[in-house]
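The C-terminal residue of the sequence shown carries number 917 in this note's numbering, and the numbering is unbroken.
Take a look at the structure below.
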Amino acid sequence: MKRFIFLGPPGAGKGTQADFLSKKLSIEHISTGELLRQEIAAKTTSGEKARLFVESGDLVPDEIVIEILKDHISKIRGAGYILDGFPRNTAQAQSLEEHEIGVDKVILFDIDKETVIKRLSGRLYCPACKKFYHEEYRPPKEDTLCDNCHRALIRRKDDDPESIENRIRVYLEQTHPLIKYYEEQGKLEHIDANKEVDVINQELLERIGR
Ligand code: ADP
Ligand code: ZN
Numbered sequence: 708m709k710r711f712i713f714l715g716p717p718g719a720g721k722g723t724q725a726d727f728l729s730k731k732l733s734i735e736h737i738s739t740g741e742l743l744r745q746e747i748a749a750k751t752t753s754g755e756k757a758r759l760f761v762e763s764g765d766l767v768p769d770e771i772v773i774e775i776l777k778d779h780i781s782k783i784r785g786a787g788y789i790l791d792g793f794p795r796n797t798a799q800a801q802s803l804e805e806h807e808i809g810v811d812k813v814i815l816f817d818i819d820k821e822t823v824i825k826r827l828s829g830r831l832y833c834p835a836c837k838k839f840y841h842e843e844y845r846p847p848k849e850d851t852l853c854d855n856c857h858r859a860l861i862r863r864k865d866d867d868p869e870s871i872e873n874r875i876r877v878y879l880e881q882t883h884p885l886i887k888y889y890e891e892q893g894k895l896e897h898i899d900a901n902k903e904v905d906v907i908n909q910e911l912l913e914r915i916g917r
């Protein structure tokens, strides 16, 4: 049982936990947000189509994301994966079934809206390492440089107040219905994502029976 979906609002810490669990279980961490940012940075056709949606915090059209995901999954050889940020609506969930991309468990990251806003508004990002920092909760060792590669950290365009509001709205309208969808399939496990990173690490391992 090593095929997971991480579900939850932006800023819930899905990426951080996916990083942890993928290393622990030697499985693939697949973040559609990260795949999209790569396409955008490389200025591919899909990237150019996706850019404005990502920057404003809207969902990128299903065809584009599904194509990128399918392409990426077909190259994976290992035993399992974590889908981080996919599916984000019912049509995307159905596309997994259509393409026989299996899911054993769905981990829901429960978190308060105020915590989400605090986490996202102070967030800093290293585009080279794809690692997140936070001005207050996880500051880099030197001012605004990445601990790892010493490049200047940036603020993601979609971490501005307007896009944050929009991302939360989009989550509630389009992604939230997936909770019921996976509950009905008996695959859903809740995690309290308001807690600290290492507390959530442990809770996560418990939920998946490790
Ligand atoms: P966060 O979870 O913090 O919002 P992500 O890196 O997961 O950040 O996603 C960033 C953006 O990428 C989203 O706001 C959206 O525009 C786009 N995106 C990511 N995954 C999907 C998806 N499955 N469907 C549509 N758009 C997506
Ligand atoms: Zn770096």
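Beta carbons: idealized from backbone N, C-alpha and C, even for Gly.
Under 8 Å between C-beta atoms of residue i and residue j
i, j, result
"L790", "F839", "no"
"N873", "G764", "yes"
"S753", "E746", "yes"
"E735", "G785", "yes"
"Y889", "I861", "no"
"I814", "R914", "yes"
"D811", "K731", "no"
"H806", "R826", "no"
"F816", "L885", "no"
With 16 other Cβ atoms within 10 Å as the buried cut-off, status of residue i
i, result
"T751", "exposed"
"H857", "exposed"
"Q799", "buried"
"A757", "buried"
"G740", "buried"
"V877", "buried"
"N855", "exposed"
"I783", "exposed"
"L776", "buried"
Beta-bridge partners of residue i, as assigned by DSSP
i, result
"L895", "V813"
"Y711", "The displayed chain sequence assigns Phe, not Tyr, to residue 711. DSSP, once it has assigned bridges, lists I789 and K812 as partnering F711."
Neighbourhood of residue i by C-beta, 6 Å cutoff - its chain only, sequence neighbours within 5 removed
i, result
"F760", "V767"
"V673", "Any question about residue 673 goes unanswered here, given that the chain covers just 708 to 917."
Contacting residues, own chain, Cβ-Cβ under 7 Å from residue i (five flanking each side not counted)
i, result
"I907", "G720, Q724, I898 and A900"
"L728", "I789 and L911"
Same chain, Cβ closer than 8 Å to residue i, five either side skipped, listed in chain order
i, result
"H779", "I737 and L742"
"S828", "D866, P868 and I871"
Inset, instruction - Starting from the N-terminal side, write out each stretch of the alpha helix (DSSP H) that is 4 residues or longer and does not extend beyond the region 824-878. - result: 868-877
Inset, instruction - Quick one: which unbroken alpha helix (DSSP H) runs of 4-plus residues sit fully inside the region 717-761? Chain order, please. - result: 721-732 and 739-748
Legend entry - Within 7 Å of ligand 4: residues by beta-carbon to any heavy atom: The ligand content of the structure shown is limited to ligand 1 and ligand 2, which means ligand 4 is not among them.
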